[in-house]
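*Asks:*
Number of protein chains: 2
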Amino acid sequence: MNKAYLMVPGPTAVPERVLQATHRPLVNHRGALYEEMFSRITAGLKTVFRTRQDVLVFPAAGTGMLEAAVVNTLSPGDKVLAVSIGVFGDRFAEIAARFGADVEVMAFPWGRAAEPERVAERVAADKDHRIKAILVTHNETSTGVVNDLAALAKARGDHPALLIVDAVSSLGAADLATDDWRLDVVVTGSQKALMTPPGLGFMAMSERAWTANAQSTMPKFYWDAQAAKKAAAKGQNPYTPAVSLLFGLEEALKMLAEEGLDNSIIRHKRLAEALRAGFKALGLKLLAEDAAASPGVTAVFPPDGVEAKKIQKVMRERFGITLAGGQKQLENKIFRVGHLGYVVETDILVTLAALEITLSLLGANVELGSAVKAAGQVIAEG
Amino acid sequence: MNKAYLMVPGPTAVPERVLQATHRPLVNHRGALYEEMFSRITAGLKTVFRTRQDVLVFPAAGTGMLEAAVVNTLSPGDKVLAVSIGVFGDRFAEIAARFGADVEVMAFPWGRAAEPERVAERVAADKDHRIKAILVTHNETSTGVVNDLAALAKARGDHPALLIVDAVSSLGAADLATDDWRLDVVVTGSQKALMTPPGLGFMAMSERAWTANAQSTMPKFYWDAQAAKKAAAKGQNPYTPAVSLLFGLEEALKMLAEEGLDNSIIRHKRLAEALRAGFKALGLKLLAEDAAASPGVTAVFPPDGVEAKKIQKVMRERFGITLAGGQKQLENKIFRVGHLGYVVETDILVTLAALEITLSLLGANVELGSAVKAAGQVIAEG
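Heads up: the protein sequence lines correspond to chains Y and U, in order. With the numbering used here applied, the first sequence has no gaps in its numbers, which climb one by one up to 636 at the end. With the numbering used here applied, the second sequence has no gaps in its numbers, which climb one by one up to 636 at the end.
#1: Would you identify the three-state DSSP class for THR276(U), choosing helix, strand or coil?
#2: Which residues in chain U sit within 9 Å of PRO313(Y), going by Cβ to Cβ distance?
#3: Assign ASP544(Y) to one of three DSSP states: helix, strand, or coil.
#4: Please identify, using Cβ separations under 9 Å, the residues of the stretch 267-283 of chain Y that lie next to chain U, in order along the chain.
#5: With a threshold of 7 Å between beta-carbons, can PRO645(Y) be considered close to chain U, or not?
#6: For MET261(U), name the three-state secondary structure that DSSP assigns.
#7: What do you reckon, are the CB atoms on LEU417(U) and ALA407(U) nearer than 7 Å?
#8: Can you pull the chain Y residues whose beta carbon is under 8 Å from the beta carbon of ARG352(U), in chain order?
#9: Closest to LEU613(Y) by CA distance: which of GLU505(Y), ARG306(Y), GLY559(Y), HIS413(Y) is it?
#10: Who does MET459(Y) pair with in a DSSP beta bridge?
#11: For PRO452(Y), which residues in the same chain have their Cβ closer than 7 Å to its Cβ, ignoring the five residues on either side in sequence?
#12: In whole angstroms, what separates the C-alpha of ALA463(U) from that of LEU500(U)?
#13: Name the residues in the stretch 558-577 of chain U whose C-beta lies less than 7 Å from a C-beta of chain Y; which are they?
#14: Which residues in the same chain have their Cβ closer than 6 Å to the Cβ of ILE388(U), if we skip the five residues on either side of it in sequence?
#15: In chain Y, which residues lie with their C-beta within 7 Å of the C-beta of ILE349(U)?
#16: Check the Cβ of GLY285(Y) against every Cβ in chain U and list those closer than 7 Å, keeping chain order.
#17: Any Cβ of chain Y within less than 7 Å of the Cβ of GLU321(U)?
#18: Cβ of TYR493(Y) less than 7 Å from any chain U Cβ?
#19: Grab me the residues of ARG294(U)'s own chain with a C-beta within less than 6 Å of its C-beta, minus the 5 sequence neighbours each way, in chain order.
#20: Any C-beta of chain Y sitting closer than 7 Å to the C-beta of LEU541(U)?
#21: Any Cβ of chain Y within less than 7 Å of the Cβ of LEU499(U)?
#22: State the DSSP-derived secondary structure class of PRO313(Y), mapped to helix, strand or coil.
#23: Return the CA-CA distance between HIS593(U) and ARG570(U), expressed in angstroms with no decimal places.
#24: At the 7 Å Cβ level, is LEU260(U) part of the contact set with chain Y, yes or no?
#25: Beta-carbon within less than 6 Å of VAL419(Y)'s beta-carbon, same chain only, minus the 5 sequence neighbours each way: which residues are those?
#26: Which residues of the stretch 415-446 of chain Y have a Cβ closer than 8 Å to any Cβ of chain U? Give them in chain order.
#27: Give me the residue from ALA427(Y), ALA511(Y), THR327(Y) with the minimum Cα distance to PRO263(Y).
#28: Do you know whose CA, among ALA542(Y), HIS283(Y), VAL268(Y), lies nearest TRP364(Y)'s CA?
#29: For ASP308(Y), count neighbouring Cβ atoms within 10 angstroms of its own Cβ and tell me buried if that reaches 16, exposed if not.
#30: Note the first and the last residue of the continuous beta strand (DSSP E) segment covering ALA585(U).
#31: Below 6 Å CB to CB, which residues in the same chain sit around PRO557(U) once its five sequence neighbours on both sides are set aside?
#32: Run through DSSP, which three-state label would LEU503(U) get?
#33: Span of the beta strand (DSSP E) holding ALA634(Y)?
#34: Whose C-alpha, out of ALA545(Y), PHE573(Y), ALA322(Y), ALA496(Y), is nearest the C-alpha of GLY502(U)?
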């Protein structure tokens, strides 16, 4: 027997309070009760997005929201600069290309953050303003790297390109100020730092993004932001909303408000630091350098001679702790620990303690207790 | 105090067993437990769709699935015959037009079913096979009319056009045989007869639809059927699935299997008959004639001098029974009773009993007990 720890970067563990809320009987999504709830939810989302603009809600996975961001602001043939630092940056570029954008990918090595200077240079070179949008992943889940989004936003300077941000695995876990940083489109999902089961997607658009939307000719119906905005003004949705997930989301937003958005961001940062200290104490190499370390997911190389998938298997079968593997060219090269959303200090400690034993069982030279000690020191200082 | 009855045509009331299932802690959607569950679910869906083809699953509202059906099989400029008998038929046509199809709408008066002869004539006149697809709504929720889908399928005859079916409010409630009737694309959602909270969409495609898919150039990424099919072969999804809704769906599919798909269809038909008998006993006019009566939703004209919205208000506030109103040109002209999914004889009886009192309170000349008596006779015969 063991207890389940879902230490993957989403869908993340969901608090019992939120699960309880999803369990409520359905209500009419065209009735007053729903409309009041939906209005409270969109108000709560505005706080989390740090925006005065509407936050639109769709029944969708995060990838659907990447598509929504693209098709709502661009037209076929538009030049797009896609800044990619991993799997999800590549996906964003691919979506824009699929809908006919002229995509230029600026790729950085996996495990590194994007360099704002490079973006600034590229944008400065675009004197006739051909670039209509810059696609950026805030937190790259595949490598455990967080981009310096404020710096990337500054790098755009006065260039009129829209800044379109995939904040799926960052919003609520990493600092993000939609309005203050002049982010034009920000999208995220329910299943990461927002502590809700997967199936809801969110999108905020700046005034400039709405202007672009009016001219955008990429085809859209389900993702049509205008239809969503019009319905939201009445506390409604253009199509059937995922009501029970919204019940959960309302409770999760309450929990986030109780903790405080700033405190949630600090918590994520400190848990990441504690975890990284633990890995380092075990002599494990981390994919991301400290300065670019994701607050929500950490990618780790196994010790020499130990397979990443074996570590995942023992952690899961012996201790009930589910970790994630590497994606694409990192498959079986790394393992990843998610610490996003409903994650606390004890989760970090138990993960490290179990990992010490796991590595030891797999023949690695490990001093039991050393990782927990290093993490404990970070936690005790906090 | 009252007890809540959600008598709207979706999202419908969800059985406690299904709500309980959605409440389970999240699991890793790339792990063996999930893969086994997802494989069981897709097998169960094949039974409900009556198809040997894959049934693909998306986090989406029903409208998203209409979009998925269109963009996966068609190319801009393709000629499409859209058979519309109401709001959702019009929406299907609009989606195809939005993505560049050359749409010819064959509209029938609201409250009437489509005439298969008219479709047969139109198709016969298309000698050079310009029509690439026929869009059909199986059950039109806005009017409470069910199309004779088997006859419409026959009306196509040997014409190579794909038959693309919106079965959002019919599958599980009305007879539908995907393979036997040679339906090429069938889409539905979780929140109707499948008794699961909203947020999941399903799509089955025939071999001919897959061939069309290979040539289709409408842009697609999130809805890309090939990506979904490839992932499903491994018990996975291309993007994060709505795991907790799938927990619920698995339980709902179990319930449907326990009852038997055929019995579910008979139950819906009989409940519709009992309800209609009750309305007729009150002298109320029904929008749909008996032969085209939907098994899942019934549209009713209020008695002279009584406003539809007033009836809805009293039913809701006094008795806790939520009804739906009319849409578009039928707004406040009719009210609609949903009897789709988790609905039983007692729900019909209580709705009629409360309606009798409501109409009486609103000044209509009603004999209390008369509707319940008429419905009771239908039920007793069953």
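Idealized CB from N, CA, C, for every residue including glycine.
*Replies:* Short version:
#1: DSSP, reduced to helix, strand and coil, places THR276(U) within a helical segment of the structure shown.
#2: Within 9 Å Cβ-Cβ: PRO313, ALA314, ALA315, GLY318, PRO452, GLY453, LEU454, GLY455, ALA496.
#3: Correct three-state label for ASP544(Y): helix.
#4: For the stretch 267-283 of chain Y, which is checked against every Cβ of chain U, the residues closer than 9 Å are ALA267, VAL268, GLU270, LEU273, GLN274, THR276, HIS277, ARG278, PRO279, LEU280, VAL281, ASN282, HIS283.
#5: Absent from the model: residue 645(Y). The displayed extent of chain Y is 255 to 636, so no value can be given.
#6: In the three-state reduction of the DSSP assignment, MET261(U) falls in the coil class.
#7: Contact: yes.
#8: Correct list: PRO473, LYS474, PHE475.
#9: Among GLU505(Y), ARG306(Y), GLY559(Y), HIS413(Y), the Cα nearest to that of LEU613(Y) is on GLY559(Y).
#10: Looking at the DSSP output, MET459(Y) bridges to VAL439(Y).
#11: Excluding positions up to five away in sequence, the list reads PRO265, ALA315, GLY443, SER444, GLN445.
#12: About 26 Å.
#13: Taking 7 Å as the Cβ-Cβ cut-off, the stretch 558-577 of chain U approaches chain Y at THR576, given in chain order.
#14: Contacts found: LEU335, ALA415, LEU417.
#15: Result: PHE475.
#16: Within chain U, the residues placing a beta-carbon under 7 Å from that of GLY285(Y) are THR576, ordered along the chain.
#17: Closer than 7 Å to some Cβ of chain Y, the Cβ of GLU321(U) qualifies, so yes.
#18: Yes - at least one Cβ of chain U is within 7 Å of the one on TYR493(Y).
#19: Same-chain partners within the cutoff: there are none.
#20: In terms of beta-carbon proximity, LEU541(U) stays away from the interface with chain Y, with every pair separated by 7 Å or more.
#21: Answer yes: the Cβ-Cβ gap between LEU499(U) and chain Y drops below 7 Å somewhere.
#22: PRO313(Y) sits in a strand when the DSSP states are folded into three classes.
#23: Going from the Cα of HIS593(U) to the Cα of ARG570(U) covers about 16 Å.
#24: True, the Cβ-Cβ gap to chain Y drops below 7 Å.
#25: Only VAL390, HIS392, LEU437, VAL440 meet the Cβ criterion.
#26: Of all residues in the stretch 415-446 of chain Y, GLY443, GLN445 have a Cβ within less than 8 Å of some Cβ in chain U.
#27: The closest CA to that of PRO263(Y), considering only ALA427(Y), ALA511(Y), THR327(Y), is found on ALA427(Y).
#28: Looking at the Cα atoms, ALA542(Y) is the closest of the given residues.
#29: With a 10 Å radius around the Cβ and a threshold of 16 neighbouring Cβ atoms, ASP308(Y) comes out buried.
#30: Here the sequence assigns Glu to residue 585(U), which means Ala is not the residue at that position. First-last for GLU585(U): undefined, no H or E at that position.
#31: If we look at PRO557(U) and ignore the five residues flanking it on each side, its Cβ neighbours are ALA618.
#32: Helix, per DSSP.
#33: No beta strand (DSSP E) holds ALA634(Y); the alpha helix (DSSP H) holding it covers 624-635.
#34: Proximity to GLY502(U) across ALA545(Y), PHE573(Y), ALA322(Y), ALA496(Y) peaks at ALA496(Y), based on C-alpha coordinates.
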